[in-house]
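In the working numbering, the protein residues as written are 4 to 341.
Step one of this worksheet: look at the structure below.
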């Protein structure tokens, strides 16, 4: 079903998938959403928001749509801003609930049952679940043999309430929206904010974390859906040390920006963060150069510490978008081998 088709009634849930130049992975993601056991009997639709100029995500939609009775809608949003892209997915959603999954992820067959079941049991406004990883290279990188840098699992009991911010404004957890579900009216329609994802974070990154923290501070309840599993397909270039270091720097910059925005003591916190950044940079350099870490492929502790320090000290010059090679070379069949 194309994006101009009109639904006759409001579905229980919309699955929103933002996509950029990953048609093969997008196809796998969509098929995993269509393969849900759906023991809860949900009515749902799938909404694809394509950010690539070629519109190559439409091919996957047109291939799959005739095979299913579940509505699959397609829209394009070409602004190179992640917040604009994600907001288009929210504005285009028709469901009472909004589930978000990334185009490089695929869901377990009971994913929706677990996510929505968690909301219903707890009465929460938002639920998030764990994300695991498989690697296109066939195995995790040598510096992270368990693949922990690429997974999200809080190891909490099911239905646990997640606290995102301390009373002084310090972020405790940084969350991405991949594998999450929201009560649309509570989280988005009732808000005074016209654009749920902050446009200020759309270029630099961190729009997901900022949204979760803002909703948490507004009193929305966030819980852990331990059984709602998705798996991310990690392309080989994202396992390279250089990529991991630049991501760490960017994540640290986001942390500083959000912390300073929400704290009641911005000047004091700024001094503390800058001092900590200087200590991390110095300690990391001593470790890295003292152990010849730059010659190693399985030791990055010192360099990571340096990246954290540089991120704090240089938080006003955000990394922004990271140039990456095309994902079209990462096929579902390649990832399956890992």
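In this text, a Cβ means the ideal position worked out from N, Cα and C, and glycines have one as well.
Residue i - partner residues in DSSP beta bridges
i, result
"residue 63", "Residue 63 pairs with nothing; no bridge assigned."
"residue 101", "17, 185"
"residue 23", "DSSP lists no partner for residue 23."
"residue 47", "16"
"residue 30", "According to DSSP, residue 30 bridges with nothing at all."
"residue 322", "DSSP lists no partner for residue 322."
"residue 174", "168"
Residue i: first and last residue of the uninterrupted beta strand (DSSP E) it sits in
i, result
"residue 167", "From DSSP, residue 167 is part of no beta strand (DSSP E); its letter is neither H nor E."
"residue 296", "Counting along the chain, residue 296 falls outside any beta strand (DSSP E), and DSSP gives it neither H nor E."
"residue 78", "75-79"
"residue 123", "Run containing residue 123: none in the beta strand (DSSP E); it sits in the alpha helix (DSSP H), 114-125."
"residue 134", "134-138"
Cβ-Cβ separation, residue j to residue i (assumed contact under 8 Å), whole Å
i, j, result
"residue 37", "residue 119", "About 16 Å separates the two Cβ atoms, so there is no contact after all."
"residue 225", "residue 164", "7 Å"
Contact with chain C by residue i, beta-carbon distance below 8 Å
i, result
"residue 160", "Absence of chain C from the displayed structure is noted, only one protein chain being present."
Reference residue i, options the options, closest by Cα
i, options, result
"residue 251", "317, 234, 229", "317"
"residue 48", "61, 42, 20", "20"
"residue 244", "204, 79, 310, 322", "310"
"residue 3", "323, 286, 181, 237", "What the structure shows of the chain is the stretch from 4 to 341, and residue 3 is not part of that stretch, so it cannot be assessed."
"residue 126", "282, 249, 299, 228", "228"
"residue 76", "60, 271, 284", "60"
"residue 327", "82, 298, 242", "242"
"residue 173", "192, 264, 135", "264"
"residue 130", "183, 171, 154", "183"
"residue 27", "64, 56, 18", "64"
"residue 83", "257, 207, 248, 234", "207"
"residue 57", "41, 79, 71, 282", "79"
Exposure label - residue i; buried when at least 16 CB within 10 Å
i, result
"residue 186", "buried"
"residue 218", "buried"
"residue 305", "buried"
"residue 124", "exposed"
"residue 116", "buried"
"residue 338", "Here the model assigns residue 338 a pLDDT of 48, short of 50, so the residue's position is not dependable, and the following value carries that caveat. With 16 or more Cβ atoms within 10 Å of its Cβ, residue 338 is classed as buried."
"residue 209", "buried"
"residue 175", "exposed"
"residue 200", "buried"
"residue 292", "exposed"
"residue 106", "buried"
"residue 197", "exposed"
Residue i - containing alpha helix (DSSP H), residue span
i, result
"residue 275", "269-293"
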